[in-house]
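What follows is a single structure, written as structure tokens, with notes after it.
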Amino acid sequence: MAGKGPWCVAKPQITREALQANIDYVCGFAGWVCDKIQKGAPCYSTSIIRQASYAMNAYFFVFGPKGIDCDFNGTARIVHVDPMFATGNGMARLCGSFCGAYVSG
81 MAGKGPWCVA
91 KPQITREALQ
101 ANIDYVCGFA
111 GWVCDKIQKG
121 APCYSTSIIR
131 QASYAMNAYF
141 FVFGPKGIDC
151 DFNGTARIVH
161 VDPMFATGNG
171 MARLCGSFCG
181 AYVSG
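With the first letter of the sequence shown counted as 1, position 36 gets the number 116 in this note's numbering; the numbers rise by one all the way through.
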């Protein structure tokens, strides 16, 4: 099932450090986001880009959605194709259907 966009996802080729900084920033505002992406949690992934995209999109959905809420110092972008089903171009598959409600608006 596809949600309604837009979505906020990490840009391709962003450093691991920048992505982790984005996760830390979001978790400072909304700890429930981090709960969902911790090891053993339903949205856990070994991919930092997936974790960061999940966190940034959750922030964007809760605090936006305005373009400024999806900047993250130039490391994120707004997409209009559901990242739950997109591949390539940095739009990593974010999470399984269990987490769709958190990822897609």
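We put the CB at the ideal spot given by N, CA and C, even for glycine.
How about residue i and residue j: do their beta carbons lie closer than 8 Å?
i	j	result
H160	P86	yes
I148	A135	no
Which two residues bound the contiguous alpha helix (DSSP H) that contains residue i?
i	result
I94	From DSSP, I94 is part of no alpha helix (DSSP H); its letter is neither H nor E.
Q131	128–143
In angstroms, rounded to a whole number, what distance separates the CA positions of residue i and residue j?
i	j	result
D99	A156	The question names Asp, yet the displayed sequence has Leu at residue 99. Roughly 9 Å between the two C-alpha positions.
K84	I94	26 Å
R96	K119	18 Å
Mind checking residue i: buried by the 16 CB within 10 Å criterion, or exposed?
i	result
R130	buried
F109	exposed
A121	exposed
D162	buried
Please report the residue range of the beta strand (DSSP E) in which residue i lies.
i	result
I158	156–159
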